[in-house]
Amino acid sequence: MGFFSKLFGGGKPVEAKTTEPVEYKGFLIYQESIAENGQYRIAGRITKEIEGELKEHRFIRSDVVGNEADANDLMLKKAQMFIDQMGDSIF
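Taking the numbering used here, the leading residue of the sequence shown gets 553, the next gets one more, and so forth.
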């Protein structure tokens with residue numbers, strides 16, 4: 553039964569983390585790395601209010617690193633570079 557519980561999402565509930573956003577050039581960057589097999593995948597979202605509507609861009613990178621802090625730091629740098637290159641056209 554343990555195998556099927558893991559396979560279909562049973563077992564311990566996963567606690568959702570609340571992350572404080574980092575403001576960068578009017579955008580809010582949320583660092584939300586994903587734990588995966590003892591490593592952390594670089595992931596997060598970028599939001600910005602445009603004409604009264606909250607726009608959001610989520611991304612998950614193929615990069616994985618050994619700890620959560622490094623994954624979040626790298627995510628922040630990649631998000632800032634993405635904002636510098638794309639601006640509002642992200643959305």
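We treat Cβ as the ideally placed atom computed from N, Cα and C, and that holds for glycine. Remember, predicted model here, so these are calculated numbers, not experimental data.
Length of the line joining the Cα atoms of residue i and residue j
| i | j | result |
| --- | --- | --- |
| Met627 | Thr570 | 16 angstroms |
| Met638 | Arg613 | 17 angstroms |
| Pro573 | Val616 | 21 angstroms |
| Ala595 | His609 | 11 angstroms |
| Pro565 | Leu580 | Because Pro565 carries a pLDDT of 49, less than 50, the predicted location of this residue cannot be relied on, and no value is offered for it. |
| Lys629 | Glu603 | 27 angstroms |
| Lys607 | Arg597 | 10 angstroms |
| Ser641 | Glu575 | 18 angstroms |
| Phe643 | Ala631 | 13 angstroms |
| Tyr592 | Glu605 | 31 angstroms |
| Thr599 | Met633 | 15 angstroms |
Member of the options whose CA lies at the smallest distance from the CA of residue i
| i | options | result |
| --- | --- | --- |
| Gln583 | Phe634, Ala623 and Ser641 | Ala623 |
| Gly618 | Gly596, Gly590 and Val574 | Gly590 |
| Ile635 | Gly578, Ser585 and Pro573 | Gly578 |
| Glu588 | Glu620, Glu575, Glu601 and Gly596 | Glu620 |
| Ser585 | Gln632, Tyr576, Met633 and Phe611 | Phe611 |
Distance cut-off 6 angstroms: residue i Cβ against heavy atoms of the ligand GTP
| i | result |
| --- | --- |
| Asn619 | The model depicted lacks the ligand GTP and carries no ligand whatsoever. |
* Please specify which runs of the beta strand (DSSP E), each continuous and at least 3 residues long, are wholly inside the stretch 590 to 628, giving them in chain order. => When DSSP assignments are scanned along the stretch 590 to 628, the uninterrupted stretches of beta strand (DSSP E) that are 3 or more residues long and fall wholly within it turn out to be 591 to 602 and 605 to 617.
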